[in-house]
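A.B. asks: In my numbering, the protein residues as written are 7 to 414.
Ideal Cβ positions, reconstructed from N, Cα and C, are used throughout, including at glycine.
Quantities reported herein were computed from a predicted structural model and do not represent experimental measurements.
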């Protein structure tokens, strides 16, 4: 009976999370039309739009819930490890609205983190409605986190594995959640596919076994892993430094996200592709571009996202991390001379950055297989992910609520 309750609850959470993302995607499309219309009138208008969205998000922070600020996954982890999966319904709803106001109105941030928090909140609501025990509620909330990731990436296996890893900043696995997480993640992914007819991970990036085991590819994998680990350390340090700076500013709380979002929008004036979630940068990275361009866009995306989130804006760091990693991998093709394999290098960059900054090496490795549609890429994926994970170290995480490994 206990297993049946968990299975049914997991499927229901996956269903609700998938439906929520479909609604979020539709509303984000509407805000994108608004943003583009203002941009066509005058690009400067988009800075005021972003500032307005930040101000409205700040009002939500002050009067509704402070938990909507920053990367959604961190708040999701906090509710799971500290509150046994409890999250107020108003926080879940507020995160949905604040994300539209922040990312949709022109700042820089992802949707994966917010959907992870929303999925966690939906898991909390479902588990309370079904009167589940605290340990069961913790599991169902965690499956909601995975379902939120899977609703966007449509990589259900790596999303389920992320549930097992993401609670810990060092080597650690959460037991008893793999099967319910797989159920929730597949349900969420399939529902989104049913509504959109689009499966994100059908990239068909193939690589021969002789290539991925060649000295040049091994060298590229090592280089990407080392650089990603060092970059993750720098991003985490910059993020927390700016977060302290914003918290110490002698201005009202609601004005801080407005300022951060406006700064991000100013960066997007000079580099329009930095606007929003970063998926456009991911697609850009799959084809060769000048080294100066990829490094510049990567740097600007980092600053725009950190300004948005450290000030209290509502968004995610997961998708921008994917964009930064893809650009990092794409940049490496200039150094190792593998121009015709830029897509594979970009995906390896994604794996290395997720492993280093989000502390999910196993999920990052499987993500490469799901995105590339084949096993040959496993060898460089394992190498670059583990190197990035070790170089970055447990303090490089952007998620403050992650736990130390169970053995410590």
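Jot down the residue ranges of each uninterrupted alpha helix (DSSP H) in the stretch 115 to 194, minimum 4 residues, whole runs only, in chain order.
C.D. replies: Scanning the stretch 115 to 194 from its first residue to its last, the whole alpha helix (DSSP H) runs of 4-plus residues come out as 118 to 135, 140 to 159, 162 to 171.
A.B. asks: Could you have a look at residue 399 and say whether DSSP puts it in helix, strand or coil?
C.D. replies: coil
A.B. asks: Which value, in whole angstroms, describes the spacing of the CA atoms of residue 260 and residue 172?
C.D. replies: 30 Å
A.B. asks: How many angstroms separate the CA atom of residue 43 from the CA atom of residue 284?
C.D. replies: 20 Å
A.B. asks: Using the beta-carbon count (16 or more within 10 Å), is residue 36 buried or exposed?
C.D. replies: exposed
A.B. asks: Compute the Euclidean distance between the alpha carbons of residue 251 and residue 185, then round it to the nearest angstrom.
C.D. replies: Linking residue 251 to residue 185 through their CA atoms gives a straight-line distance of about 42 Å.
A.B. asks: In whole angstroms, what separates the C-alpha of residue 221 from that of residue 399?
C.D. replies: 26 Å
A.B. asks: Please state the DSSP three-state secondary structure of residue 16.
C.D. replies: helix
A.B. asks: Hey, quick one: how far does the alpha helix (DSSP H) through residue 364 stretch, first residue to last?
C.D. replies: Where residue 364 is concerned, there is no enclosing alpha helix (DSSP H), given that its DSSP letter is neither H nor E.
A.B. asks: Taking the DSSP output, what are the residues bridged to residue 409?
C.D. replies: 174
A.B. asks: State the start and end residues of the unbroken alpha helix (DSSP H) segment that holds residue 326.
C.D. replies: 324 to 342
A.B. asks: Give the straight-line distance between the Cα atoms of residue 264 and residue 8, rounded to the nearest whole angstrom.
C.D. replies: A straight-line Cα-Cα distance of about 47 Å links residue 264 and residue 8.
A.B. asks: Ends of the alpha helix (DSSP H) at residue 250?
C.D. replies: In the DSSP assignment, residue 250 falls within the alpha helix (DSSP H) that extends over 221 to 253.
A.B. asks: Tell me residue 77's beta-bridge partners as DSSP assigns them.
C.D. replies: 321
A.B. asks: Considering Cα atoms alone, identify which of 363, 347, 286 is closest to residue 329.
C.D. replies: 286
A.B. asks: Is it buried or exposed for residue 386, if we count other Cβ within 10 angstroms and need 16 for buried?
C.D. replies: buried
A.B. asks: Using the Cα positions of residue 291 and residue 93, report the straight-line distance between them to the nearest angstrom.
C.D. replies: 37 Å
A.B. asks: Can you list, in chain order, the residues of its chain whose CB lies under 7 Å from that of residue 70, leaving out five sequence neighbours each side?
C.D. replies: 96, 100
A.B. asks: State the start and end residues of the unbroken alpha helix (DSSP H) segment that holds residue 286.
C.D. replies: 285 to 291
A.B. asks: DSSP state of residue 59, grouped into three classes?
C.D. replies: DSSP places residue 59 in helix when its eight states are reduced to three.
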